[in-house]
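**Q** Take this structure, written in structure tokens, and hold onto it; I'll ask about it next.
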Amino acid sequence: MQKDNSSSTPAPARLRHRRRSNEVIPEDSKANGSHLLVNDHNKYRSMLIRAYSSIWMIGGFAFIVYMGHLYIMAMVVVIQIFMARELFNLLRKAHEDKRLPGFRLLNWHFFFTAMLFVYGRLLSQRLVNTMTTDRFLYQLVSSLFKYHMAICYFLYIAGFMWFILTLKKKMYKYQFGQYAWTHMILIVVFTQSSFTVASIFEGIFWFLLPATLIVINDIAAYFFGFFFGRTPLIKLSPKKTWEGFIGASVTTIISAFMLANVMGRFPWLTCPRKDLSTAWLHCDPGPLFKPQHFTLPGWVSQWFPWKEVSILPVQWHALCLGLFASIIAPFGGFFASGFKRAFKIKDFGDSIPGHGGITDRMDCQMVMAVFAYIYHQSFVVQQNLSVDTILNQILMNLTFKEQQALYIKLGEILQERLVGKS
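Residues in the sequence shown are numbered consecutively from 2, following my numbering.
Pasting the structure below:
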């Protein structure tokens, strides 16, 4: 009897464990429509929490934009660190980490090495321009950037050797899995967010407008889905509806056209930043930001008080950004939803009440940032070298004697051309 009792007791425990594991993601066993926001009994409470957090985020974001380029870049760096922390913790096993002291430090070593490499390449010329008034600092910074790639490479190799030396028997699979996961995080976080920083220094306009359109699209999709959502959109996100998607798309495209007209009239937002100072910006806005006036037909003035309208050429580009933000960028959110379902988690973190983690808010922003920069470089920027760009390259890459030789050679060439013309 004792033998029978001892053998029969573990069975119910195993049975209960299996039942719990089957209940991890109950969404798959229910109809897709049952998870729509219109059927959510706690929707008003969640809406208030989400709205309260959104107000604080938008207010803080507006203040940082007002402070300028360096503060926006610092905000991006902080967001990157929080995203990396959330993603590092996603596959972390505390039990395994206890047997590998210093292993998490290795992840952050790779992270900050990648940060040094990416931001060094993005900001090198602007940092040199900032140091031109001090000869010693200029030479020091120029020398550091000359060997910047070598420094980053040896830092990475140091981390690689560190990883090899910490390998432990019976933990190889976990360690190599974490090594691969770390590199995937670096690609996802830095490859995309580096485009964000590049757009900031091309003019805050090219960072602020795309980021704002994503926020508008997200809020509008939530609003239309909240009140009118009936038709499920995609199984990866059960609460997404066609009504929310279409309503958000129309709202985003209209907002893009109107916001571009407002933002495009401020030099602080449209002027590119050539250095790392915080001084106020003044520049020639260029043809994209100079208003064009169009006279409206007579029948329009009978219904509306306007006889002519003022449109900035950049507003037509803004329509393309609005189309992408409303149709393509949401797929970044769908990708994140599928990713979370694969790992059986609701959110990447709980940093923002009502929204989840930082990564949950940045999924669409990352996709949009890449497109905004590529669009700007491909269809907006004129692909020609300015005199300032050429002079900066000469000052950065040539020694003083080489600059003298170039000066003499240019004088000879110009002299020959003047004689030829006479």
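Here a beta-carbon is modelled for each residue, glycine too, at the ideal position from N, C-alpha and C.
#1: Since S125 is in the alpha helix (DSSP H), which residue starts that stretch and which ends it?
#2: Could you tell me whether the Cβ atoms of V142 and M150 are closer together than 8 Å?
#3: How should N130 be labelled, buried or exposed, when 16 other C-beta atoms within 10 angstroms of its C-beta is the threshold for buried?
#4: For A221 versus T242, is the C-beta spacing smaller than 8 Å?
#5: Report, in whole angstroms, the separation of the C-beta atoms of V77 and S200, which I expect to be a contact under 8 Å.
#6: Provide the residue span of the beta strand (DSSP E) that contains K308, from first to last.
#7: How many Å lie between C153 and M162 at the Cα?
#8: Does the region 107-117 touch the region 201-220, meaning 3 or more C-beta pairs lie closer than 8 Å?
#9: Where do the N-terminal and C-terminal ends of the beta strand (DSSP E) with P233 fall, by residue?
#10: Could you check which residue in M116, G248, I217 and V301 has the C-alpha nearest to that of G230?
#11: Using the rule of at least 16 other Cβ atoms within 10 Å of the residue's Cβ for burial, across every protein chain shown, is S9 buried or exposed?
#12: Looking only at DSSP bridge pairs, what is S238 linked to?
#13: Cα separation between M68 and I165?
#14: Since T271 and P292 should fall inside the 8 Å C-beta cutoff, what is the C-beta to C-beta distance between them, to a whole number of angstroms?
#15: Quick one: what's got a C-beta closer than 7 Å to Q316's C-beta in the same chain, skipping five residues either side?
#16: For I346, does the three-state DSSP call read helix, strand or coil?
#17: Does the separation of the CB atoms of F225 and E244 fall below 8 Å?
#18: Measure from the alpha carbon of Y173 to the alpha carbon of each residue in F372, R100 and A330, then state which is nearest.
#19: Can you list, in chain order, the residues of its chain with a C-beta nearer than 6 Å to that of F246? Leave out the 5 residues immediately preceding and following it.
#20: Given F290, which residues of its chain have a CB within under 7 Å of its CB, disregarding the five upstream and five downstream residues?
#21: Inspect the CB distances between the region 50-59 and the region 349-368 and report whether three or more fall short of 8 Å.
#22: Buried or exposed for H318, please, with buried defined as at least 16 other CB atoms from any protein chain shown within 10 angstroms of its CB.
#23: I'd like to check one pair, M363 with I80: are the Cβ atoms closer than 8 Å?
#24: Pull up the CB-CB distance for G333 and D348, whole angstroms please, since I reckon it's below 8 Å.
#25: At what residues does the beta strand (DSSP E) containing H294 begin and finish?
#26: Can you tell me which of the three DSSP states I329 falls into?
#27: By Cβ distance below 8 Å, which residues in the same chain neighbour D361 in space, the five residues on each side in sequence not counted?
#28: Since D364 is in the alpha helix (DSSP H), which residue starts that stretch and which ends it?
#29: Nearest by alpha-carbon distance to S278: which of Y72, C284 and I217 is it?
#30: With the cut-off set at 8 Å, would you say V1 and L128 are in Cβ contact?
#31: So what does DSSP say about I353, is it helix, strand or coil?
#32: Pick helix, strand or coil for F267, following the three-state DSSP scheme.
#33: Pull up the distance between the alpha-carbon of N398 and that of I414, whole angstroms please.
#34: Less than 7 Å between C-beta atoms, sequence neighbours within five positions excluded: which residues of the same chain meet that for Q366?
#35: Find out if the Cβ-Cβ distance for the pair L324, V310 is shorter than 8 Å.
#36: Rounded to whole angstroms, what is the Cα-Cα separation between R46 and Y139?
**A** Put simply:
#1: F104 to T131 is the span of the alpha helix (DSSP H), which, as asked, contains S125.
#2: Contact flag unset, no.
#3: Sixteen is the threshold: when 16 or more other Cβ atoms of the shown chains lie within 10 Å of the Cβ of N130, as they do, the residue is buried.
#4: No, the Cβ-Cβ distance between A221 and T242 is not below 8 Å.
#5: Between S200 and V77 the Cβ distance is about 10 Å, and since that is not below 8 Å, they are no contact.
#6: In this chain, K308 is not harboured by any beta strand (DSSP E), its DSSP state being neither H nor E.
#7: For the pair C153 and M162, the Cα-to-Cα distance works out to about 14 Å.
#8: The answer is no - the region 107-117 does not touch the region 201-220, with fewer than three Cβ pairs under 8 Å.
#9: Taken as a continuous stretch (DSSP letters only), the beta strand (DSSP E) holding P233 covers P233 to I235.
#10: Closest by alpha carbon: G248.
#11: In this predicted model, S9 has a pLDDT of only 45, less than 50, meaning its place in the structure is not dependable; the value taken from the coordinates is given anyway. By the neighbour-count definition (other C-beta atoms within 10 Å, threshold 16), S9 is an exposed residue.
#12: Bridge partners of S238 according to DSSP: I235.
#13: One C-alpha to the other measures close to 44 Å.
#14: The C-beta distance from T271 to P292 rounds to 13 Å, too long to fall under 8 Å, and the pair is not in contact.
#15: The residues F258, A261 and N262, in chain order, have a CB closer than 7 Å to that of Q316 in the same chain once the five nearest residues on each side in sequence are set aside.
#16: Collapsing the DSSP output to three states places I346 in coil.
#17: Yes, the Cβ-Cβ distance between F225 and E244 is below 8 Å.
#18: Residue R100 is the option with its Cα nearest to Y173.
#19: Exclusion of the five residues before and after F246 leaves L234 as the residues of its chain whose Cβ lies within less than 6 Å of its Cβ.
#20: Result list for F290: G265, T271, L313 and V315, in chain order.
#21: The region 50-59 vs the region 349-368: in contact.
#22: Result: buried.
#23: Against a cut-off of 8 Å, the Cβ pair of M363 and I80 comes out as a contact.
#24: In this structure, G333 and D348 do not form a Cβ contact; the two beta carbons are roughly 15 Å apart against a cut-off of 8 Å.
#25: Unbroken beta strand (DSSP E) run through H294: Q293 to T296.
#26: The answer is coil: DSSP assigns I329 none of H, G, I, E or B.
#27: Excluding sequence positions up to five before and after D361, its CB lies within less than 8 Å of the CB of A337, D348, F349, G350 and I353, all in the same chain and listed in chain order.
#28: I359 to Y376 is the span of the alpha helix (DSSP H), which, as asked, contains D364.
#29: Closest by alpha carbon: Y72.
#30: Given a span of 2 to 423 for the chain in the structure shown, any question on residue 1 remains unanswerable.
#31: In the structure shown, I353 falls within a strand segment according to DSSP collapsed to helix, strand and coil.
#32: In the structure shown, F267 sits in coil (DSSP, three-state: anything other than H, G, I, E or B).
#33: So the alpha carbons of these two residues sit roughly 22 Å apart.
#34: So the list reads A212 and I215, once near-sequence residues are dropped.
#35: By the CB criterion at 8 Å, L324 and V310 fall outside the cutoff.
#36: Going by the C-alpha atoms only, they are around 56 Å apart.
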